[in-house]
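Student:
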Amino acid sequence: MPEATTPKRFKRVVVKLSGEALTGPGTHGLDGATLARIAKDLAASAGEGTEIAVVVGGGNFFRGVQGAGKGLERARADAIGMLATVMNGLALEQAIEAEGRPARALSAIAMPTLCETYMRASALRHLSEGRVVICSGGTGNPFFTTDTGAALRAAELEADAILKATQVDGVYTADPKRDPDAKRYDRLTHDEAIVKNLGVMDTAAFALARENRIPIFVFSIAEEGAIAAALRGEGRGTLVVP
Ligand SMILES: Nc1ncnc2c1ncn2[C@@H]1O[C@H](COP(=O)(O)OP(=O)(O)O)[C@@H](O)[C@H]1O
Ligand SMILES: O=c1ccn([C@@H]2O[C@H](COP(=O)(O)OP(=O)(O)O)[C@@H](O)[C@H]2O)c(=O)[nH]1
1 MPEATTPKRF KRVVVKLSGE ALTGPGTHGL DGATLARIAK DLAASAGEGT EIAVVVGGGN
61 FFRGVQGAGK GLERARADAI GMLATVMNGL ALEQAIEAEG RPARALSAIA MPTLCETYMR
121 ASALRHLSEG RVVICSGGTG NPFFTTDTGA ALRAAELEAD AILKATQVDG VYTADPKRDP
181 DAKRYDRLTH DEAIVKNLGV MDTAAFALAR ENRIPIFVFS IAEEGAIAAA LRGEGRGTLV
241 VP
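Note that the UniProt record's numbering has the sequence shown beginning at 1, numbered continuously upward.
1) From M82 to R9, what distance separates their C-alpha atoms?
2) Name the two residues that bound the continuous alpha helix (DSSP H) containing V195.
3) Tell me the DSSP secondary structure of F62 in three-state form.
4) Is it buried or exposed, S190, if we count other Cβ atoms within 10 angstroms and call 16 or more buried?
5) Mind checking P180: buried by the 16 CB within 10 Å criterion, or exposed?
6) Counting only beta-carbon atoms, is L90 nearer than 7 Å to chain B?
7) How big is the Cα-Cα spacing for A222 and G140?
8) Are the CB atoms of I227 and S45 within a distance shorter than 7 Å?
9) Per DSSP, which one or two residues make a beta bridge with V171?
10) Does the separation of the CB atoms of N60 and T113 fall below 7 Å?
11) Tell me whether the segment 64–82 and the segment 170–185 touch, counting them as touching only if at least three CB pairs, one residue from each stretch, are closer than 8 Å.
Shown next as structure tokens:
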């Protein structure tokens, strides 16, 4: 097995899906074809027997820091950002079900006329019944990100790993979108990621994953079937291990 692949067959994983992953060729919002492609990948991954909890971002609609730059209080801007993740969660739920796999969108922020409020026990029950669980609303608190939400859900749901599906094919020495000389790591530790301030995830997320000894696999979502490949240990990416 190549060193950079995921370490073993997983019983349960958290897939962190950035909001931007859902924009496809556009710059904003949801792209139908991209949504369908990712939903198919998630449905197939669940079909191979791994329990999947998705933590979905909202950056394709709104990020708190943008709102704060426009004069909104940060906590209010973050509330709007969390609502953006719920929009993605609702879209993803329908798209996964359209692929023939039951899914359940949960929100950390109560909005009972739209979806279930996140509760650990019910998330575990949905997972055990073969549903793809979609955790939206991040942590439910301002000043956090959905990366930290992913680490939190992975810890409390006792996931074997976090699969971070993103725009780049791993963790680099610097942001590869800004630095053409950045070099990709095959493998590194949570400590290294924190000390070197590698911006692919925020420090709080890396720290929570480190404390709970949860490996993180960072890989690109651009290819069809990228999540299923990562689960099979076939994908190219960076493995972050304790
Ligand atoms: N050291 C790094 N290695 C890899 N990606 C990095 C690094 N520093 C910053 N990034 C950026 O982090 C992004 C991944 O985070 P993600 O949550 O998917 O996106 P965003 O936070 O922009 O929504 C990548 O698209 C990449 O541009
Ligand atoms: O626990 C959380 C998670 C998210 N957010 C807000 O929701 C936005 C969208 O989430 P994120 O930026 O993590 O999405 P992604 O970059 O993954 O698309 C963030 O900018 C925050 O404003 C928040 O306040 N608390």
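We put the beta carbon where it would ideally sit given N, CA and C, even for glycine.
Tutor: Reading off the structure:
1) Take the alpha-carbon of M82 and the one of R9: they are about 32 Å apart.
2) For V195, the enclosing alpha helix (DSSP H) begins and ends at H190 to V195.
3) When DSSP states are grouped into helix, strand and coil, F62 belongs to the coil group.
4) It is His, not Ser, that sits at residue 190 in the sequence shown. Counting Cβ neighbours within 10 Å, H190 comes out buried, since at least 16 surround it.
5) So P180 counts as exposed.
6) You won't find chain B in this structure, because it holds only one protein chain.
7) Straight-line Cα distance between these residues: approximately 28 Å.
8) Yes, Cβ-Cβ distance for S45 and I227 is below 7 Å.
9) As DSSP reads the structure, V171 sits in no beta bridge.
10) No; because the gap between Cβ atoms is not below 7 Å, this pair is not in contact.
11) Flag = no, the segment 64–82 and the segment 170–185 do not touch.
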